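A.B. asks: When you line the sequence shown up against numbering that gives the first Met the number 0, it's residues 0 to 147, in that order. Here it is, the structure, as structure tokens.
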Amino acid sequence: MPTSYPITLPVGALITIGGNSLSEHNRQPVQISINRIEKTQRMSNGTMRKFFIADKKNITVSWSMLPSRTTYTVDGFYGARDIKDFYEGANGKGSFAVTVKYGSTANAENLTMIFTSCSFEIVRRNAKMSPGDTPQELWNVSITMEEV
Numbered sequence: 000m001p002t003s004y005p006i007t008l009p010v011g012a013l014i015t016i017g018g019n020s021l022s023e024h025n026r027q028p029v030q031i032s033i034n035r036i037e038k039t040q041r042m043s044n045g046t047m048r049k050f051f052i053a054d055k056k057n058i059t060v061s062w063s064m065l066p067s068r069t070t071y072t073v074d075g076f077y078g079a080r081d082i083k084d085f086y087e088g089a090n091g092k093g094s095f096a097v098t099v100k101y102g103s104t105a106n107a108e109n110l111t112m113i114f115t116s117c118s119f120e121i122v123r124r125n126a127k128m129s130p131g132d133t134p135q136e137l138w139n140v141s142i143t144m145e146e147v
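Structure below.
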């Protein structure tokens, strides 16, 4: 008889926007970049002086073949239509809270961000897991957010 090994699946989502977790379903690598705001000036004696103002984060996330709603994602988190509804709603037009969890809640980072770009592409329509299921769409989604 073969030996069975327990499977450990990741718990939780990497990114939460406005208190809503974004799905890990077919998520591509998340790009977190830092935009350093500073002023550099060459002095009269030839040396360089630098005035540091702030570091601001940019987050880019994309998914391929993301189901339309939370009920169809593997983890029950925000699907493509849910992200689109958030983006087009009142919350997405202003600043909102973003949480990035690095491994555990102890390593979570809370940011206030705005959307800088967002794209939605319908890849498949009327997709069903079985004949009795409700049809859904599969989307390619890409969002970019910038810290305020």
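We put the beta carbon where it would ideally sit given N, CA and C, even for glycine. Remember, predicted model here, so these are calculated numbers, not experimental data.
Taking just the CA atoms, how far does Gly131 sit from Ile33?
C.D. replies: On the sequence shown, residue 33 is found 34 positions in, with the first residue counted as 1. On the sequence shown, residue 131 is found 132 positions in, with the first residue counted as 1. C-alpha separation (whole angstroms): 47 Å.
A.B. asks: What are the start and end residues of the alpha helix (DSSP H) that includes Asp84?
C.D. replies: One-based indexing of the sequence shown puts residue 84 at position 85. Looking at the DSSP string, the run of the alpha helix (DSSP H) that includes Asp84 is 79 to 87.
A.B. asks: When you compare the segment 74 to 91 with the segment 15 to 35, are there three or more beta-carbon pairs, one atom per stretch, that lie closer than 8 Å?
C.D. replies: At 8 Å Cβ cutoff, the stretches touch.
A.B. asks: CA-CA distance, Asn19 and Ile142?
C.D. replies: Here the question's residue 19 lines up with position 20 in the sequence shown. Here the question's residue 142 lines up with position 143 in the sequence shown. Approximately 15 Å, taken between the alpha carbons.
A.B. asks: Can you look up Ala105 in the DSSP assignment and give me helix, strand or coil?
C.D. replies: Position 106 of the sequence shown, counted from the start, is the residue given in the question as residue 105. DSSP places Ala105 in helix when its eight states are reduced to three.
A.B. asks: Straight-line CA distance for Gly45 to Leu110?
C.D. replies: Here residue 45 corresponds to residue number 46 of the sequence shown, with the count starting at 1. Here residue 110 corresponds to residue number 111 of the sequence shown, with the count starting at 1. So the two alpha carbons sit approximately 39 Å from each other.
A.B. asks: For the beta strand (DSSP E) that Val29 lies in, which residues bound it at each end?
C.D. replies: Within the sequence shown, residue 29 is the residue found at index 30, counting from 1. No beta strand (DSSP E) holds Val29; DSSP gives it neither H nor E.
A.B. asks: Pro66: buried (16+ other C-beta within 10 angstroms of its C-beta) or exposed?
C.D. replies: For the purposes of this step, residue 66 is identified with residue 67 of the sequence shown, where counting begins at 1. Buried, since its Cβ has 16 or more Cβ neighbours within 10 Å.
A.B. asks: Hey, quick one: how far does the beta strand (DSSP E) through Thr143 stretch, first residue to last?
C.D. replies: Stepping through the sequence shown from its first residue, residue 143 is reached at position 144. Looking at the DSSP string, the run of the beta strand (DSSP E) that includes Thr143 is 135 to 146.
A.B. asks: For Glu145 versus Lys55, is the C-beta distance shorter than 8 Å?
C.D. replies: As a position in the sequence shown, residue 145 is number 146, starting the count at 1. As a position in the sequence shown, residue 55 is number 56, starting the count at 1. Yes, Cβ-Cβ distance for Glu145 and Lys55 is below 8 Å.
A.B. asks: With respect to the beta strand (DSSP E) encompassing Leu21, which residues constitute its N-terminal and C-terminal limits?
C.D. replies: Locating residue 21 in the sequence shown gives position 22, counting from the first residue. Segment: none, Leu21 is in no beta strand (DSSP E) and carries neither H nor E.
A.B. asks: Going by the beta-carbon positions, is the gap between Met64 and Asn25 smaller than 8 Å?
C.D. replies: For the purposes of this step, residue 64 is taken as the residue at position 65 of the sequence shown. For the purposes of this step, residue 25 is taken as the residue at position 26 of the sequence shown. Their beta carbons are under 8 Å apart, which means Met64 touches Asn25 by this criterion.
A.B. asks: Using three-state DSSP, classify Ile98 as helix, strand or coil.
C.D. replies: Within the sequence shown, the letter at position 99 stands for residue 98. Checking the displayed sequence, the identity of residue 98 turns out to be Thr instead of Ile. Note: Thr98 maps to strand in three-state DSSP.
A.B. asks: Hey, how far is the Cα of Glu136 from the Cα of Phe51?
C.D. replies: Within the sequence shown, numbered from 1, the residue matching residue 136 stands at position 137. Within the sequence shown, numbered from 1, the residue matching residue 51 stands at position 52. Roughly 46 Å separates the two Cα atoms.
A.B. asks: Determine the direct distance from the alpha carbon of Ile121 to that of Arg80, and round the result to whole angstroms.
C.D. replies: Position 81 of the sequence shown holds residue 80. Position 122 of the sequence shown holds residue 121. If you take the alpha carbons of Arg80 and Ile121, they lie about 10 Å apart.
A.B. asks: Can you tell me which of the three DSSP states Thr72 falls into?
C.D. replies: Indexing the sequence shown from 1 puts residue 72 at position 73. Three-state DSSP puts Thr72 in coil, outside helix and strand.
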